[in-house]
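Residue numbers 189 to 423, in the numbering used here, belong to the letters of the sequence shown in order. From the three backbone atoms N, C-alpha and C, an ideal C-beta is built for every residue, glycine too. Just so it is clear, the structure is predicted and the values come from calculations on it, not from any experiment. In what follows, a single structure is set out as structure tokens and then discussed.
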Amino acid sequence: MQGVDPLFFQDRKPYPWMEWEGFLLPGAFERLRTNFPALNLFEKQKGIDRLYGQRPHNRYYLAHRSKPSFVRKLPQAWRRFIEEIDTNPDYQDFIRSFLGTSRFQIRYAWHLGSAGSEVSPHFDSDNKLGTHIFYFNTPADWRKEWGGSICVLSGKKRGDLLNPDFTDFEECVEVGTLGNKSFFFKNSLSAWHGVRSLSCPPGNYRRLFNVIFVPVSDRDKLFRQPDGGTAGDDY
């Protein structure tokens, strides 16, 4: 968190984003990686319609719930990590300075991507201020040629197109996700991003954890969804 100027972040084009290597302490990263929630806790999402005719984001999905029955199922390392995010004043200050507001709440979600999973190009719904994504694959369980890098997209060739493909952008900056990596971005109508289809063998999974910052009320939103819609949960 140190050494990053919030003004540099806010002024970054095509939208505010940053990547980090080693954001987590090595021991903490390894504990979270080896204790990633079990597959049987996830819901399989396939073929769910998205706004504007965008291709579905097929994946395994697990949303954090505050119910004691859910929390007990989480490995202790993850319970501690979520508690630290909720209470660590340095992290809270970091988020406030990067988002430019203290009017946010936090929710959490884990994602697993498998062979053929794709995150079609999109910007997040207006009920998100920003997201901090933590990745939990290493060369021991994932090969670079299988894909999985998040694409920061810019230069959309048709401004009115709301279901673009990757080829509809002038540039894709691929952000690596292997190792102790994390990616943070501030949401906007320009914050197009996506992940190309994964080519991993069956039984291998792209693993990530989303820390999602949501507005306290409608008046705290950064923009209004085109056509008044909402895109639901993303990635």
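Helix, strand or coil at residue i [DSSP, three-state]
{"i": "Leu-262", "result": "coil"}
{"i": "Leu-158", "result": "The requested residue 158 is not part of the displayed model; the chain covers only 189 to 423."}
{"i": "Tyr-393", "result": "coil"}
{"i": "Leu-220", "result": "helix"}
{"i": "Asn-351", "result": "coil"}
{"i": "Ser-342", "result": "strand"}
{"i": "Ile-236", "result": "coil"}
{"i": "Asn-276", "result": "coil"}
{"i": "Gly-215", "result": "helix"}
{"i": "Ser-308", "result": "strand"}
{"i": "Phe-230", "result": "coil"}
{"i": "Asp-421", "result": "The predicted position of Asp-421 is uncertain, since its pLDDT is 49 and thus under 50; no value can be drawn from it."}
{"i": "Phe-357", "result": "strand"}
{"i": "Trp-205", "result": "strand"}
Those residues which DSSP pairs with residue i across a bridge
{"i": "Leu-250", "result": "Trp-298"}
{"i": "Gly-318", "result": "Lys-374, Phe-401"}
{"i": "Gln-293", "result": "Val-402"}
{"i": "Val-383", "result": "Val-307"}
Nearest residue (CA-CA) to residue i, options the options
{"i": "Glu-359", "options": "Leu-250, Ile-270, His-381, Gln-280", "result": "His-381"}
{"i": "Ser-290", "options": "Pro-277, Tyr-296, Arg-267", "result": "Pro-277"}
{"i": "Pro-225", "options": "His-299, Pro-389, Pro-309", "result": "His-299"}
{"i": "Asn-228", "options": "Pro-202, Arg-219, Phe-258", "result": "Phe-258"}
{"i": "Lys-369", "options": "Lys-201, Trp-208, Pro-194, Ile-273", "result": "Trp-208"}
{"i": "Gly-391", "options": "Asp-329, Val-399, Val-363, Pro-214", "result": "Asp-329"}
{"i": "Cys-388", "options": "Phe-371, Pro-352, Ala-303, Gly-343", "result": "Ala-303"}
{"i": "Gly-367", "options": "Lys-344, Lys-316, Phe-211", "result": "Phe-211"}
{"i": "Ser-308", "options": "Lys-345, Leu-341, Tyr-203", "result": "Leu-341"}
{"i": "Ser-305", "options": "Ile-236, Trp-205, Ile-283", "result": "Ile-236"}
{"i": "His-245", "options": "Gly-215, Glu-271, Asp-312", "result": "Asp-312"}
{"i": "Phe-357", "options": "Trp-266, Lys-344, Leu-396", "result": "Lys-344"}
{"i": "Gln-233", "options": "Gly-301, His-310, Pro-414", "result": "Gly-301"}
Other residues of its chain near residue i: CB distance less than 6 Å, five sequence neighbours each side excluded
{"i": "Lys-409", "result": "Asp-314, Pro-403"}
{"i": "Gly-416", "result": "Note that Gly-416 has pLDDT 42, beneath the 50 cutoff, so the model's placement of it is unreliable and no number is given."}
{"i": "Arg-284", "result": "Ser-290"}
Residue i classed as buried or exposed, judged by whether at least 16 other C-beta atoms fall within 10 angstroms
{"i": "Thr-418", "result": "Summary for Thr-418: the model assigns pLDDT 44, below 50, so the residue's position carries little reliability; its value from the coordinates is reported in the next sentence. Label assigned to Thr-418: exposed."}
{"i": "Thr-355", "result": "exposed"}
{"i": "Leu-377", "result": "exposed"}
{"i": "Tyr-240", "result": "exposed"}
{"i": "Arg-221", "result": "buried"}
{"i": "Lys-201", "result": "exposed"}
{"i": "Lys-255", "result": "exposed"}
{"i": "Gly-335", "result": "buried"}
{"i": "Leu-213", "result": "exposed"}
{"i": "Phe-324", "result": "buried"}
{"i": "Lys-332", "result": "exposed"}
{"i": "Pro-204", "result": "buried"}
{"i": "Phe-411", "result": "exposed"}
{"i": "Leu-317", "result": "buried"}
8 Å Cβ shell around residue i - same chain, five flanking residues per side excluded
{"i": "Glu-425", "result": "Residue 425 falls outside the range modelled here, since the chain spans only 189 to 423, and no answer is possible."}
{"i": "Arg-253", "result": "Val-259"}
{"i": "Val-399", "result": "Ile-273, Ile-294, Tyr-296, Thr-319, His-320, Ile-321, Phe-322"}
Neighbourhood of residue i by C-beta, 7 Å cutoff - its chain only, sequence neighbours within 5 removed
{"i": "Ile-338", "result": "Val-363, Thr-365, Phe-371, His-381, Val-383"}
{"i": "Met-206", "result": "Val-192, Phe-197, Phe-372"}
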